[in-house]
Every structure is written in structure tokens, then in C-alpha cells.
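*Asks:* Before I ask anything, here is the structure I am working with.
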Amino acid sequence: MANTEADSSLMKKIVSLCKRRGFLFQSSEIYGGLNGFWDYGPLGVELKRNIKRAWWQDMVTGHDDLNVVENAPSVFSMTGIDSTIIMHPQIWKCSGHYDLFHDYMVDCKQSKRRYRHDQIVGRWVEAKGQKIFVTTLASEACESEIESKALKFFKLRAKNKEDLVYSSEVIDLISVEETTSVLAPEAKALDTLTSPREFNLMFKTTVGALGGEDDVAFLRPETAQGIFVNFKNVIDSTRFRLPLGIAQIGKSFRNEITPRNFTFRSREFEQMEIEFFCHPDDSAKWYSYWRDRRLSWYHTMGISEKSLIMREHHADELAHYSIGTADIEYAFPFLPEGEYGELEGVAHRGDFDLRSHMEGKLDEKSNPLEVQLNEKGKPKYRGSGKDLQYRDDLTNEKYTPHVIEPSAGADRATLAFLCEAYYEDEAPDENGKMQLRTVMRFHPRIAPIKAAVFPLVKKDEFQSKTARDIYLALKREFNVFYDETAAIGKRYRRQDEAGTPYCITVDGDSVTDQSVTIRERDSLEQIRIPIDSVVSEIRNRILG
RNA sequence: GCGGGUGUAGCUCAGUGGUAGAGCAUCACGUUGCCAACGUGAUUGUCGAGAGUUCGAUCCUCUUCACCCGCUCCA
Numbered sequence: 008m009a010n011t012e013a014d015s016s017l018m019k020k021i022v023s024l025c026k027r028r029g030f031l032f033q034s035s036e037i038y039g040g041l042n043g044f045w046d047y048g049p050l051g052v053e054l055k056r057n058i059k060r061a062w063w064q065d066m067v068t069g070h071d072d073l074n075v076v077e078n079a080p081s082v083f084s085m086t087g088i089d090s091t092i093i094m095h096p097q098i099w100k101c102s103g104h105y106d107l108f109h110d111y112m113v114d115c116k117q118s119k120r121r122y123r124h125d126q127i128v129g130r131w132v133e134a135k136g137q138k139i140f141v142t143t144l145a146s147e148a149c150e151s152e153i154e155s156k157a158l159k160f161f162k163l164r165a166k167n168k169e170d171l172v173y174s175s176e177v178i179d180l181i182s183v184e185e186t187t188s189v190l191a192p193e194a195k196a197l198d199t200l201t202s203p204r205e206f207n208l209m210f211k212t213t214v215g216a217l218g219g220e221d222d223v224a225f226l227r228p229e230t231a232q233g234i235f236v237n238f239k240n241v242i243d244s245t246r247f248r249l250p251l252g253i254a255q256i257g258k259s260f261r262n263e264i265t266p267r268n269f270t271f272r273s274r275e276f277e278q279m280e281i282e283f284f285c286h287p288d289d290s291a292k293w294y295s296y297w298r299d300r301r302l303s304w305y306h307t308m309g310i311s312e313k314s315l316i317m318r319e320h321h322a323d324e325l326a327h328y329s330i331g332t333a334d335i336e337y338a339f340p341f342l343p344e345g346e347y348g349e350l351e352g353v354a355h356r357g358d359f360d361l362r363s364h365m366e367g368k369l370d371e372k373s374n375p376l377e378v379q380l381n382e383k384g385k386p387k388y389r390g391s392g393k394d395l396q397y398r399d400d401l402t403n404e405k406y407t408p409h410v411i412e413p414s415a416g417a418d419r420a421t422l423a424f425l426c427e428a429y430y431e432d433e434a435p436d437e438n439g440k441m442q443l444r445t446v447m448r449f450h451p452r453i454a455p456i457k458a459a460v461f462p463l464v465k466k467d468e469f470q471s472k473t474a475r476d477i478y479l480a481l482k483r484e485f486n487v488f489y490d491e492t493a494a495i496g497k498r499y500r501r502q503d504e505a506g507t508p509y510c511i512t513v514d515g516d517s518v519t520d521q522s523v524t525i526r527e528r529d530s531l532e533q534i535r536i537p538i539d540s541v542v543s544e545i546r547n548r549i550l551g
């Protein structure tokens, strides 16, 4: 389905507003920019920090660990850590990222397709005096695919398939050196594949000033592993019992092949992750608890129900050790109608991660899970050898916890909130004529500026002084803005674009009635409140 | 990575082989005073970057970077 004109122009307007008002800038812009990197401006940094703060408050510090919270299977605890971006390289080998992120890719010059080198298989086949290597993508049906491709290449009919003389079984393309005889999976001519090129999806760096190849380290591609490798530290240094969630907010880095769609797919991005450790017997209940809780969090923060979906992965997409994985997806305006982009993944990870860090990297395909071995029969990647099991001091049961992982993108959430907030309506000007109004309808909790304070008339000493006093009083608790320039209507509109939920105006009556007007962004409603109740009024409105 | 498009003031865009303009925005003054008001004036540009052709390039050529769209990829 094609992207609609309207959606595409909506995204353009949002991108333009972000630049114009200081939400987002392209990184290194004065040098021409850098693909896949974005900076937050004065309004953007407040918005993103508010989102992260709201998440941390709602998930960690504000969590009620004394009572069974709504829909939860039991009482549970939440805490947080902040681990480093660069960690021991072995962590990424045991987590599976090292293998997954080091693919060799080949491009087909004819079909313009790109393949993972290790996924292409083929057979040597000879006919009409020519010997070629016919390839296809590895699958159960690859033998018959190879046959039909070979017939087509040699222009033979199916009944003449005896004319094809095979000189090998199905083997990996990796083992083939004579590339000139290779027929690529979707090519009609020979020798159309480029030589394999390494795709380093993890950013490589070097630890130590003289570091050579032995000192290679990686910028983390996810924050989760910092939690797994600190699980024992957290348990040992605190009196937390399971079930326990450990949260972390931080930057991660992935060398995306194609950064696209504004900040949606960035190479440097920030994650808000929870690893929730629980007893294996309860993991299914906790999985569905977190899935539903995380979806409703976005709703309470102002994302409408219709623009958010929960997509459960099908059983055949899941690793066998996982009970489920669900993506929380948002209808971003840059996507075609009916398509959604991932905001957060909630995954049941079983005991895969903790066991991999204990025993050595497990083979995801093994069932039950076993350590992946190399050609010599030794562990492919050695684990830490440390015991990361949990002992329940009430039952004395010792077990490796199962993990539920709600992993949210802070930048993706910020982008979703920006898109969701963007709204155009009409408001009357002073002549009663309807004018287009652009307003960012952020939830008050995440709005970059909570309130703006204006004197109606700049030159009125009382108004100006009172407005400044209110401004300074509010500033002790909130990010607020003072403006005395231009006409009052223009000041309101400026704040509408910044998404400021409340504007407070001191006017000519204020001196006699000691009251000011508070104007609400979305409804345009104005009410008068006493000057000495402004701070508490704003506080109540923002905290709900 | 491939194909197509775009790149000119803070934003939206016009424009020309002779070193640039509009609207909006911003600022000042005056007037007004509760929803982008009006008047007067002012500020703003390595014309994405580099190289070439030319007496002279924002314009033509090549290279490069970034953004958008489609494919590809998506742990």
C-alpha cells in the first residue's frame, strides 16, 4: 500500500516544526550532517528527559512494592542500575550479539538483492558441457529449487532433467572459491555476486591507548546485558527477593544498514529496559502482566488507543525457550496506512541469558538448551563460570530465574509522542476570523514547558512585576517560560507550538482582585484563579 | 547497497552564467490590549561540501555528504 500524500506531508510538518522550534536537529549539521545521528534541542531535551523520568518514576521509584498492584500475579520489587556502554567483549559473544552482528553479506549486481553469505547454498551441476554452481537460499526445498533453476539456466525441459549431472551435494556458498561459475539465487547470468563483505553491526572501539586487535571492544548494542551481568551484584548487595525487576536507561549503538525515518532508526539511541527476574513456574503470568502493563503505560501518557497496537509474535517466530514476545507498535505517520513501527518489545527470555553468562553461550536452536560447541567439541564462547542462580531464602529453593524483558526505545517513544501531539485546529483571531493553529498536545507530565507567564501589558509595572514573581515562584518546581513581547494572542500561539499546557496572564484587573487568568492549551478555556494559588493549581493539574 | 527526487535566510519556497529575493519568523519603536492585529524600520545567506569548465558558477560538468520516496536489510 502506498504512503498517502497526507501522511507524508504530515511527517514533513512534524520534522519541520522539530527543527524550527528546537526539538530535534540533525547531528553535526554544520558539517553536512551524519547519517543516523540526531541531536535534541532545548525543547527536545526537556521532552525526552520528561519521558525518561516518567518511565523511571512509574516503573522503578514509584512502584508499590508493599501491595499486589493491579493485575500483578504477586507483590514484586523494582530497582535500577546504570552500567557502562563498553563492557567485556566476552559479554557480546555469550549474548549472541557477536555472531548475529557479524554477518558477511553479498550483493547481487544483477538482481540488486543482498544476501547473508552463510544463507546461500548450492550444488555443482553440469550440462551442455558447462559446469556451474547453482545457488538458492537455504531451506528444506532448496534441492528442488536448485534443479528448476538449473533447468532454466540450461534451457532444458523438466523431462530432460537427467541431462543435469550433479557433482556435489548441497553445500554452502562459503566453501566455493570459483565465483565466476556461481549463479546467484535470483540472477540469470553467472558471476553477479560481490565478494563477501563484513557487516559490523556493533560499533568497534579499542580499549587502551596502544590497543591492537586484542584490545577490541564494542559499544553496547543493548543495555540489557549490563543488567544480566550485574544480576548477582544486585541480589548480593541488597535484600531484594524475587520477583525483582532491574531497570536501566542508557545509550546503545547499532550500525544500522539503512538509518531511516527521522530518529526512528538511529545508530545511536537510548533504551529504557527492564529485566524482570522471576520463578520459572510463574514466568508466563509475568509475561502477560508486563505486556499489558507496558501497553497501558503509553495510553496513560497520552497515546490514543487507535494508534497503538500490540503485535504478538507467532509461535514460529519465537525461540522455543520463549513463551512469547510482543511488540508494542505505533502508527507513525511516515509508515503506510495500517502499518506500525516498534516502540517496545516485551520478550519472555526464559533462562537463556543468565545461563549463557554462567555456562557459555547456549545454542538457541537446542532443546533443551545446551552450550553451543565449536568444531573441537569445546564451548564456542566460554561463560563467566560464576553461579548466577538465585536461592530463595524462604523456601531454600535454588534455581535460575526466568526473565521477562520489556525493552523500550526512548527516542522512538519521544518520536511517537511528538507525532501523537502534533495537531492543527482553528482558533478565532481578534476579528473572529478562524485561523490555523498548530498545537503540540503533550500530556502535561511530558510537556517541555509546563506553564508560561505573561503580563497582558508590558509597560504596566504591576502586571510586569506580578508576572515575574509568579514566574520565579513556579521556576522552583517546574520548567516555565516568561514572555512579555508581542501581542497576547501571538504569545499563546508560540506556547501552543511548544506544547505548553498552561498560560498564566496577569491583566489590569489583577491589581484589584489579586487574580490571574489561566488558559488551557487544548480547550482554550480560561478561568481566573487567585495569584497565591497559582503554584498549587499548576502542580495539581500536572500531577493530575 | 541499488534506483528516483531534493538541498537557496531560522521556516516554507521563488530565481538567474554577471556574487540573490518573497512570505512567515526574529528584533526595535509607535499604537492596541485575552487568542498569529496594524504601521515604520532593522537583522539574517560559505545558494549542502569539494573539484572542474569559464573572464566570471548558486546556475553547466564530475565527485561527495545529507534528507525524502521505493527496493534491500532489520539482531
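Mapping of the first sequence onto the working numbering: residues 8 to 551, in sequence order.
Beta carbons: idealized from backbone N, C-alpha and C, even for Gly.
With DSSP run on the structure shown, which of helix, strand or coil describes V446?
*Replies:* Three-state DSSP puts V446 in a strand.
*Asks:* How long is the line joining the alpha carbons of L443 and R526, rounded to whole angstroms?
*Replies:* When rounded, the distance between both Cα atoms is 18 Å.
*Asks:* Can you have a look at S517 and say buried or exposed, based on whether 16 or more other CB atoms are within 10 angstroms of its CB?
*Replies:* Per the 10 Å Cβ criterion, buried.
*Asks:* Closer than 6 Å by C-beta to A145: which residues in its own chain qualify, once you throw out the five before and the five after it? Chain order, please.
*Replies:* Hits under 6 Å: Q126, V128.
*Asks:* Whose CA, out of Q502, E349, A417, lies closest to the CA of N57?
*Replies:* Checking every option, the nearest Cα to that of N57 belongs to A417.
*Asks:* Cβ of R475 within 8 Å of Cβ of V410?
*Replies:* No, they are not a contact pair.
*Asks:* In the DSSP output, which residue or residues are listed as bridge partners for H91?
*Replies:* It should be pointed out that residue 91 corresponds to Thr in this sequence rather than to His. According to DSSP, T91 bridges with nothing at all.
*Asks:* Roughly how many angstroms lie between the CA atoms of L226 and F210, to the nearest whole one?
*Replies:* Going from the Cα of L226 to the Cα of F210 covers about 5 Å.
*Asks:* Excluding the 5 residues flanking D394 on each side, which residues of the same chain have their C-beta closer than 7 Å to its C-beta?
*Replies:* Only M365 meet the Cβ criterion.
*Asks:* Looking at the unbroken beta strand (DSSP E) that takes in M209, where does it start and where does it end?
*Replies:* Looking at the DSSP string, M209 is not in any beta strand (DSSP E), and its letter there is neither H nor E.
*Asks:* Would the beta-carbon of S188 fall within 8 Å of that of K135?
*Replies:* Going by C-beta atoms, S188 is not nearer than 8 Å to K135.
*Asks:* How many Å lie between T524 and D514 at the Cα?
*Replies:* Each residue's alpha carbon lies about 8 Å from the other.
*Asks:* So who's on the other strand from S259, going by DSSP bridges?
*Replies:* Bridge partners of S259: F276.
*Asks:* For T187, report the span of its beta strand (DSSP E) as first-last.
*Replies:* Element bounds for T187: n/a, residue is neither H nor E.
*Asks:* Measure how close the beta-carbons of E282 and E412 come, nearest whole angstrom, since I'm counting them as under 8 Å.
*Replies:* Indeed, because the Cβ distance is near 6 Å, the residues count as touching under 8 Å.
*Asks:* Do you know how far the Cα of G496 is from the Cα of E433?
*Replies:* In a straight line, the C-alpha of E433 is about 13 Å away from that of G496.
*Asks:* What residues match up with C115 in a beta bridge as DSSP calls it?
*Replies:* Its beta-bridge partners are L200.
*Asks:* State the Cα-Cα distance for the pair E150 and R130, rounded to the nearest angstrom.
*Replies:* Whole-angstrom Cα-Cα distance: 8 Å.
*Asks:* What would DSSP say about A194, mapped onto helix, strand or coil?
*Replies:* Coil, per DSSP.
*Asks:* For Y38, count the other beta carbons within 10 Å of its own beta carbon; 16 or more makes it buried, fewer makes it exposed. Which is it?
*Replies:* So Y38 counts as exposed.
*Asks:* Unbroken beta strand (DSSP E) runs of length 3 or more, entirely within the region 460 to 524: which are they?
*Replies:* Runs of the beta strand (DSSP E) inside the region 460 to 524: 487 to 489, 509 to 513.
*Asks:* Is there contact here, the region 269 to 276 with the region 294 to 307, by at least three beta-carbon pairs under 8 Å?
*Replies:* Too few Cβ pairs lie closer than 8 Å, so no.
*Asks:* Given this structure, state the Cα-to-Cα distance separating R261 from R483, to the nearest angstrom.
*Replies:* Taking the straight line from one Cα to the other gives about 39 Å.
*Asks:* With a cut-off of 8 Å on the beta carbons, I'd call G352 and D323 a contact; round off their distance for me.
*Replies:* Wrong, their Cβ atoms sit about 17 Å apart, outside the cutoff.
*Asks:* Whole angstroms is fine: what's the gap from Y122's alpha carbon to E280's?
*Replies:* Computed Cα separation, rounded: 31 Å.
*Asks:* Assuming the contact rule is C-beta atoms closer than 8 Å, S250 and W293 should be a hit. Round their C-beta distance to whole Å, please.
*Replies:* Per the sequence presented here, residue 250 reads as Pro, with Ser not at that position. P250 to W293, Cβ: 7 Å. Contact.
*Asks:* I'd like to know if the region 451 to 458 and the region 98 to 105 are in contact, where contact means that at least 3 CB-CB pairs between them fall below 8 Å.
*Replies:* Flag = no, the region 451 to 458 and the region 98 to 105 do not touch.
*Asks:* Which stretch, first to last residue, makes up the beta strand (DSSP E) that contains F32?
*Replies:* That run of the beta strand (DSSP E) goes 31 to 33.
*Asks:* To the nearest whole angstrom, what separates the beta carbons of L376 and Y328, a pair I think is in contact under 8 Å?
*Replies:* That pair is a contact at about 6 Å.
*Asks:* Hey, how far is the Cα of R452 from the Cα of I153?
*Replies:* Taking the straight line from one Cα to the other gives about 59 Å.
*Asks:* At what residue ranges does the region 26 to 63 contain a whole run of the beta strand (DSSP E), taking only runs of 3 or more?
*Replies:* Counting whole runs of 3 or more residues, the region 26 to 63 contains the beta strand (DSSP E) stretches 31 to 33, 45 to 47.
*Asks:* Tell me, please, which residues DSSP counts as bridged to Q137.
*Replies:* Beta-bridge pairing links Q137 to A134.
*Asks:* Can you tell which of L50, T91, A480, V132 has its C-alpha closest to the C-alpha of K159?
*Replies:* It is V132 whose Cα lies nearest to the Cα of K159.
*Asks:* Can you grab the Cα-Cα spacing for the pair E319 / R300, in whole Å?
*Replies:* Going from the Cα of E319 to the Cα of R300 covers about 15 Å.
*Asks:* Starting from the C-beta of Y173, find all residues in its chain whose C-beta is less than 6 Å away, skip the five residues before and the five after it, and write them out in chain order.
*Replies:* If we look at Y173 and ignore the five residues flanking it on each side, its Cβ neighbours are R130, V132.
*Asks:* Please tell me whether N207 and H124 are closer than 8 Å, where the distance is taken between their beta carbons.
*Replies:* Against a cut-off of 8 Å, the Cβ pair of H124 and N207 comes out as no contact.
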